[in-house]
Amino acid sequence: MDIWSDVVCPWCAIGRARFEAALADFPHRDDVEVRWHSFELDPSAPREYPEPLAEHLAAKYGVSVEQAHGMHAHMTEQAAADGLEFHFERARSGNTFDAHRLLHLAVDSTAGGSLKLQDRLKERLFRAYLTDGEPIGDPDALVRVAAEIGIDPDAARAVLESDRYADEVRADELQARRYGISGVPFFVIDEKYGVSGAQPAAALREVLDTAWAEANPLTLLSPTGARPDDGEACADGSCAI
Numbered sequence: 000m001d002i003w004s005d006v007v008c009p010w011c012a013i014g015r016a017r018f019e020a021a022l023a024d025f026p027h028r029d030d031v032e033v034r035w036h037s038f039e040l041d042p043s044a045p046r047e048y049p050e051p052l053a054e055h056l057a058a059k060y061g062v063s064v065e066q067a068h069g070m071h072a073h074m075t076e077q078a079a080a081d082g083l084e085f086h087f088e089r090a091r092s093g094n095t096f097d098a099h100r101l102l103h104l105a106v107d108s109t110a111g112g113s114l115k116l117q118d119r120l121k122e123r124l125f126r127a128y129l130t131d132g133e134p135i136g137d138p139d140a141l142v143r144v145a146a147e148i149g150i151d152p153d154a155a156r157a158v159l160e161s162d163r164y165a166d167e168v169r170a171d172e173l174q175a176r177r178y179g180i181s182g183v184p185f186f187v188i189d190e191k192y193g194v195s196g197a198q199p200a201a202a203l204r205e206v207l208d209t210a211w212a213e214a215n216p217l218t219l220l221s222p223t224g225a226r227p228d229d230g231e232a233c234a235d236g237s238c239a240i
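Numbering (numbering that gives the first Met the number 0) for the sequence shown: 0 to 240.
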C-alpha cells in the first residue's frame, strides 16, 4: 500500500484513521505494508506563515475569517467522529518539505529506519500540527517530534542541515504527477488500484478485499474421477444428514 499525503492535510489524517479502521479486522492485515509518499499542498509556502491559520485560509479562498472558522469547526467535528482531536486555533502552518525529508529518513533501512517507524512519525507529525500546534516548518520542532518516536535527534538534525532526501521527496511528487494525483490522501494498492480521498473505512476495506482476492486467486480442485459437487458439505446454515 502506497499513500500520498501532506502532514498539514486534515483529510489525510482522517484518511489514515479510516484506513487503520479498515485494516483492523482485515484477515490479512499482517501482510499489508504501508509506505507514505510525499505530497506538498503548497510547495511555495514560507517556513511559517505570519498570520493565524484562519486568516491565511480566508485570504487564500476568498472567504471571511468567520467562514474560515466555520470550516475549521466542521472539520473538527469530522475528525472527532474518527477519534481524532483537531485544534486549528493552535495550528502554525508552513512549508512541509523538511517534514517529508524526515519521513524518508524514518524509512531508510541504512539509518535504522523501517515502514513501521515511518508510520509512527507520520501519525506524530499529523498530531504535532493538527492537535499540538507545533510549527510544522521549524527544524527544532521537527527534530523534537522525531525524537519522541525514536529517531536519533542528531541524525534528524543532520538531515535538516543538509539536502539529504530532497531527491526522494521530489521523486515521490513526480510519481504523483504521473499517476495524475491532484489531491490527497491518495491510496495506491499493488500499483494497480487507486483510491482518492478519505473514503469511509468500509469502502477502503472493500478495496483491500478486492485487491487481495485478485492477487491471491483460489482455484477449486477436485480429486481424480470426482465431480466438484460430489463432496459432502454443509451450506445455507444447515446440513443434510
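Yeah, the Cβ is synthetic: ideal placement off N, Cα and C, and Gly gets one too.
In chain order, R100, L101, L104 and Y164 place their CB closer than 7 Å to the CB of V158, counting only its own chain and leaving out the 5 sequence neighbours on each side. Taking all protein chains in view, the Cβ of D118 is crowded by 16 or more other Cβ atoms within 10 Å, so the residue is classified as buried. The beta-bridge partner set that DSSP reports for I148 is empty.
Rounded to the nearest whole angstrom, the C-alpha separation of D97 and V33 is 21 Å. Taken through DSSP and simplified to helix, strand or coil, V62 comes out as coil.
Exposed is the label assigned to Y60, since fewer than 16 other Cβ atoms lie within 10 Å of its Cβ. If the five residues before and after S195 are omitted, its C-beta is found closer than 6 Å to the C-beta atoms of F185, all from its own chain and listed in chain order. No residue range can be given for G111, since it is assigned to no alpha helix (DSSP H) and is classified by DSSP as neither H nor E.
9 Å or more divides the Cβ of A53 from the Cβ of H36.
The criterion of a C-beta distance shorter than 9 Å is not satisfied by Y178 and V6. A residue is called buried when at least 16 other Cβ atoms come within 10 angstroms of its Cβ; K121 meets this threshold and is buried.
The residue among D137, D166, I2 and H27 with its C-alpha nearest the C-alpha of A16 is I2. In this structure, A145 is the residue among D41, P51, A145 and G82 with its C-alpha nearest to the C-alpha of G112. Excluding sequence positions up to five before and after D189, its CB lies within less than 7 Å of the CB of A210 and A214, all in the same chain and listed in chain order.
Taking a 10 Å sphere around the C-beta of D171, we find 16 or more other C-beta atoms and assign the residue as buried. The way I'd put it, the region 72-92 does touch the region 10-25; three or more beta-carbon pairs between them come closer than 8 Å. Between F85 and P9, the CB-CB gap stays under 9 Å.
Using a 10 angstroms sphere on the CB of L207, the tally of other CB atoms reaches 16 or more, which defines it as buried. In this model, S4 and D137 are separated by some 19 Å (Cα to Cα).
DSSP, read as helix, strand or coil, puts F185 in strand. Residue range P9 to A23 is occupied by the alpha helix (DSSP H) that includes G14.
Straight-line spacing of the CA atoms in R126 and D30 works out to 26 Å.
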